[in-house]
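Participant:
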Amino acid sequence: MSTLILVEHEGGEIRPATLSVVSAAVAIGGDIDLLVAGSDARGVADKAATIAGVNKVMLADSAAYAHELAENLSALVVKYAEGYSHILFAATAAGKNVMPRVAALLDVSGISDIIEVKSEDTFVRPIYAGNALATVKSSDAVKVIGVRTTAFDAAAAEGGSASVESVEAAEASDKVSFVGQELSQSDRPELTSADIVVSGGRGMQNGENFAMLDDIAGKLNAAVGASRAAVDAGYVPNEYQVGQTGKVVAPDLYLAVGISGAIQHLAGMKDSKVIVAINKDEEAPIFQVADYGLVADLFDALPELSAALDG
Amino acid sequence: MKIIVGVKRVLDYNVKARVKADKSGIELANVKMSMNPFDEIAVEEALRIKEAGHAEEVIAVSIGPTQSQETIRTALAMGADRGILIECDETLQPLAIAKLFKYIAEKEEPGLIVLGKQAIDDDANQTGQMLSALTGMSQATFASKVEFEGDHLKVTREIDAGLESIQVSLPSIITADLRLNEPRYAKLPNIMKAKKKPLEVIPVADTGVDVSSGLSVVEVNEPPKREAGIIVNSVAELVEKLRNEAKVI
Numbered sequence: 671m672s673t674l675i676l677v678e679h680e681g682g683e684i685r686p687a688t689l690s691v692v693s694a695a696v697a698i699g700g701d702i703d704l705l706v707a708g709s710d711a712r713g714v715a716d717k718a719a720t721i722a723g724v725n726k727v728m729l730a731d732s733a734a735y736a737h738e739l740a741e742n743l744s745a746l747v748v749k750y751a752e753g754y755s756h757i758l759f760a761a762t763a764a765g766k767n768v769m770p771r772v773a774a775l776l777d778v779s780g781i782s783d784i785i786e787v788k789s790e791d792t793f794v795r796p797i798y799a800g801n802a803l804a805t806v807k808s809s810d811a812v813k814v815i816g817v818r819t820t821a822f823d824a825a826a827a828e829g830g831s832a833s834v835e836s837v838e839a840a841e842a843s844d845k846v847s848f849v850g851q852e853l854s855q856s857d858r859p860e861l862t863s864a865d866i867v868v869s870g871g872r873g874m875q876n877g878e879n880f881a882m883l884d885d886i887a888g889k890l891n892a893a894v895g896a897s898r899a900a901v902d903a904g905y906v907p908n909e910y911q912v913g914q915t916g917k918v919v920a921p922d923l924y925l926a927v928g929i930s931g932a933i934q935h936l937a938g939m940k941d942s943k944v945i946v947a948i949n950k951d952e953e954a955p956i957f958q959v960a961d962y963g964l965v966a967d968l969f970d971a972l973p974e975l976s977a978a979l980d981g
Numbered sequence: 007m008k009i010i011v012g013v014k015r016v017l018d019y020n021v022k023a024r025v026k027a028d029k030s031g032i033e034l035a036n037v038k039m040s041m042n043p044f045d046e047i048a049v050e051e052a053l054r055i056k057e058a059g060h061a062e063e064v065i066a067v068s069i070g071p072t073q074s075q076e077t078i079r080t081a082l083a084m085g086a087d088r089g090i091l092i093e094c095d096e097t098l099q100p101l102a103i104a105k106l107f108k109y110i111a112e113k114e115e116p117g118l119i120v121l122g123k124q125a126i127d128d129d130a131n132q133t134g135q136m137l138s139a140l141t142g143m144s145q146a147t148f149a150s151k152v153e154f155e156g157d158h159l160k161v162t163r164e165i166d167a168g169l170e171s172i173q174v175s176l177p178s179i180i181t182a183d184l185r186l187n188e189p190r191y192a193k194l195p196n197i198m199k200a201k202k203k204p205l206e207v208i209p210v211a212d213t214g215v216d217v218s219s220g221l222s223v224v225e226v227n228e229p230p231k232r233e234a235g236i237i238v239n240s241v242a243e244l245v246e247k248l249r250n251e252a253k254v255i
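Protein chains in written order, with my numbering: chain A, 671 to 981; chain B, 7 to 255.
1) Quick one: residues in its chain with C-beta nearer than 6 Å to the C-beta of B:ALA104, no 5 flanking neighbours on either side, listed in chain order?
2) If contact means a Cβ-Cβ distance below 9 Å, which residues of the segment 759 to 783 of chain A contact chain E?
3) By alpha-carbon positions, which one of A:HIS935, A:ILE945, A:GLU835 ends up nearest to A:MET728?
4) Under 7 Å between beta-carbons, which chain B residues line up against A:PRO955? List them in chain order, please.
5) Buried or exposed for A:LEU776, going by 16 or more other Cβ atoms inside 10 Å?
6) Relative to the C-alpha of A:ARG712, which candidate in A:VAL677, A:ILE698, A:VAL959 has its C-alpha closest?
7) Can you give me the Cβ contacts of B:ALA83 inside the same chain, cut-off strictly under 6 Å, excluding the 5 residues immediately before and after it?
8) If contacts are defined as beta-carbon pairs under 8 Å, then B:THR181 and B:ALA149 qualify, I think. What distance do you get, rounded to the angstrom?
9) Would you kindly work out how many angstroms separate the C-alpha atoms of A:LEU705 and B:ILE255, rounded to a whole number?
10) Using a cut-off of 7 Å between C-beta atoms, extract the partners of B:VAL160 located in chain A.
11) May I ask which residues mark the beginning and end of the beta strand (DSSP E) holding A:TYR924?
12) Using only the alpha-carbon positions, how far apart do B:LYS56 and A:THR915 sit?
13) Can you tell me which residues form a DSSP beta bridge with A:PRO973?
14) In whole angstroms, give me the CA-to-CA distance for B:TYR19 and A:LYS940.
15) Rounded to the nearest angstrom, what separates A:GLU878 and B:PRO229 at their Cα positions?
16) Tell me, please, whether the CB atom of A:ALA740 is closer than 7 Å to any CB atom in chain B?
17) Hey, does A:ASN801 have any beta-carbon neighbour from chain B nearer than 7 Å?
18) Roughly how many angstroms lie between the CA atoms of B:VAL120 and B:GLU233, to the nearest whole one?
19) Out of A:VAL817, A:GLY681, A:VAL906, state which residue places its alpha-carbon closest to the alpha-carbon of A:LEU674.
20) Along the chain, where does the alpha helix (DSSP H) containing B:MET136 start, and where does it finish?
21) Determine the contact status of B:ALA86 and B:VAL64, defining contact as a CB-CB distance below 7 Å.
22) Within 7 Å (strictly less), CB to CB, does A:SER732 reach chain B?
23) Rounded to whole angstroms, what's the CA-CA distance from B:GLU155 to B:GLU50? Just pull it up for me.
24) Can you give me the C-alpha to C-alpha distance between B:LYS160 and B:LYS113, rounded to a whole angstrom?
25) If we ignore side chains and look at the alpha-carbon of each, how far apart do B:ARG185 and B:ARG54 end up?
26) Determine, using beta-carbon pairs with one atom in the segment 756 to 768 of chain A and one in the segment 719 to 735 of chain A, whether at least three such pairs fall under 8 Å.
27) Based on Cα-Cα distance, which residue from A:LEU743, A:TYR754, A:LYS943, A:LYS717 lies nearest to A:GLU841?
28) Nearest-angstrom Cα distance between A:ALA893 and A:LEU861?
29) Just by C-beta distance, which residues in the segment 945 to 969 of chain A are closer than 9 Å to chain B?
30) Any C-beta of chain A within less than 8 Å: which residues of the segment 36 to 52 of chain B qualify?
31) Rounded to whole angstroms, what's the CA-CA distance from B:MET7 to B:LEU118? Just pull it up for me.
32) First and last residue of the alpha helix (DSSP H) that includes B:ALA52?
33) Tell me where the alpha helix (DSSP H) around A:LEU775 begins and ends.
34) Among the residues of its own chain, which have a CB less than 6 Å from the CB of B:GLY122, if the five just before and after it don't count?
35) Determine whether the Cβ of A:TYR798 lies closer than 7 Å to any Cβ atom of chain B.
36) Hey, is B:VAL241's beta-carbon within less than 7 Å of any beta-carbon in chain A?
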C-alpha cells in the first residue's frame, strides 16, 4: 500500500493544507510519496522532503506548472499514478479542480472531502451541508480522494529526510492558458488556517461596517470571514465566504457577528472548537451551536468588545 | 452553437435533511424537491449567452427519476429550448453522471456545457471536472464571469485567495459559482409555454453507458451534536469567559 499526494504551494512555500493531507495519508497507512509540480520549484521539493513521514518526493519542474491549471496537473498525476493504492488531494479550490479529473482519467470514483479514515478503503464524508455523515467504501483499485483539511491535524513540517527525484513533465494542454489573478490583499492570517475567525453576516448592513470586524480581527490576529448572505449582498468578496458553498473552517475560536446561522453557514464552521455568537435576535439558530451567546445589537457590542480587548 | 446545461433535482435548500431511521440515506419521501441552486445559475448563464447572440439553442439535461422532468420543465420555463431526461431510478455517482453527459455531448455536439459547481445533496463537486477529463473539452470551474473573446472564452474563477482568470478554447465546460449571475424567475406565461416544449426521455439502459460504481454507501449517520452553550449578559462577561474559561484569547 502506498499513497501519492499532490503538493500545493505558492510563493515558494508549501500550503498548510498539504500538511493535513499528509496526516490523512498517515491514517491510511503505507508509504507516502509527494509530487511537487511547479516552475523553479526545487526549493519547494526540498521543503517537502523534510515533512515528517514522507518516503520520497518527485519534482516535475516545468513552466506548464507555473499556475495550477487542472488539465496539466491531472495529466502529470496520472502519468505517475501507477502502483499507488491511494492518491490524495487537499479539498481546496485548487485540489477540487484536479482530483475529479484524475479519478475520471483512471476510471474510478472520486471521494470528495473526507473527514475521517475508517480503514484503507472506508471513509467518512459530510453530505447535505454536513447535516449527515456518509460512510463510504471503495472497491476501486486506486482510491482518489479529496481531504477536508480542517479534519486532520497538520503533519510536522520538519523531521523527515525524504529523497528528491526529478521527473519528466507530462504533456501540457493547448486548450487552456493562465491570464491573471487578483488576490485579496490582507496582512491577516489565511481564513482556513487561522486560529481565530471573526465573521460577519447580513446584520453588518454594509461593507463599510466590516471595518469594525477588521479592527477586532487585528487585535486577535484573526482572519475575517462572512456568511453567504453577506457575500450575496455584496458587502465583501466571495473569498470571505464560510459555508457549504464557500470555505470550511475549524478555528479555536469562531466569532459570528450578525449571522443568523443558516444551515449552509453552519456547514462551514460548526467544527470550530469554541463558537461565539453576537446577534440581536435571540431566536437566531446560530445560538443553538454557540458555546457563548450574546443577545445584543452588534453596533453596541463591537465597539465595546474592541475596547475590552485593549484592556 | 448549442449549449447543454445540467439540472439536478435535489432536496430543496430550505428543507433540513433528515437521516432515515435505517441509516440508508436521507428521507426524500414527501419533502419539497427543487432544482439544485447552482444549476439555476448555470441555466441563467446559458440563457444570457444565447440572448447575447453567442448560441442558438439551450438544452436542459437531467439524469434521475421520472420526477426530474419537473426540474427540466423549470429550466424550460426559464427559457431553455428543449429538454432531455436520462431516466434512472438508482442514485448514480458523479463518474456515471459524467459518462452520461459525455454520451449526450457526442449526440448533440454542444459548443458549451454549463453545470453547477456542486449539487447541494452529495456536495461532491466532481461532475464538471470529470466530464472535461473524459471529453477533452476545456475546463473552467467555479466561474464568476464568462466573456467571449473571438473563438475563446475568458473565464474568471473563484479561488481560495481571490480571483483567477483563464482563457479556454471552445468547446468548453463551465461550472457555475455563486456570483456568476442572479437567476431569473420563470413568469407564468413561460411556465405554460414550457409545458409544450419538447422533452425527450431516454432510459439509462438505452444509452449503453456503464454506470456501475466502485463506491458504495455503508451507512449514513447524524453528525454529532454540539452541546448547548450559555448566554452571557455583557461584552465584559464574554471576554472574561473567553480569557479564563475557554482560554482562546
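Ideal Cβ placement from N, Cα and C applies to all residues, glycine included.
Facilitator: With the structure as the only source:
1) THR133, MET136, LEU137, LEU140
2) Looking for chain E here will not work: the only protein chains present are A and B.
3) A:GLU835
4) Those within 7 Å of A:PRO955 in chain B number zero; the least Cβ separation is about 10 Å.
5) buried
6) A:VAL677
7) ALA192, ASN196, ILE197, ALA200
8) 7 Å
9) 38 Å
10) It is worth fixing the name first, because residue 160 of chain B is Lys in this sequence and not Val. Those are VAL849, listed as they occur along chain A.
11) 923 to 927
12) 27 Å
13) Beta-bridge pairing links A:PRO973 to no other residue.
14) 18 Å
15) 36 Å
16) yes
17) yes
18) 42 Å
19) A:VAL817
20) 133 to 141
21) yes
22) no
23) 20 Å
24) 26 Å
25) 14 Å
26) no
27) A:LEU743
28) 5 Å
29) ILE945, VAL946, ALA947, ILE948, GLU952, PHE957, GLN958, VAL959, ALA960, ASP961, TYR962, GLY963, LEU964, VAL965, ALA966
30) PHE44
31) 8 Å
32) 43 to 57
33) 763 to 775
34) ASN42, PHE44, ASP45, ALA48, ALA182
35) yes
36) yes
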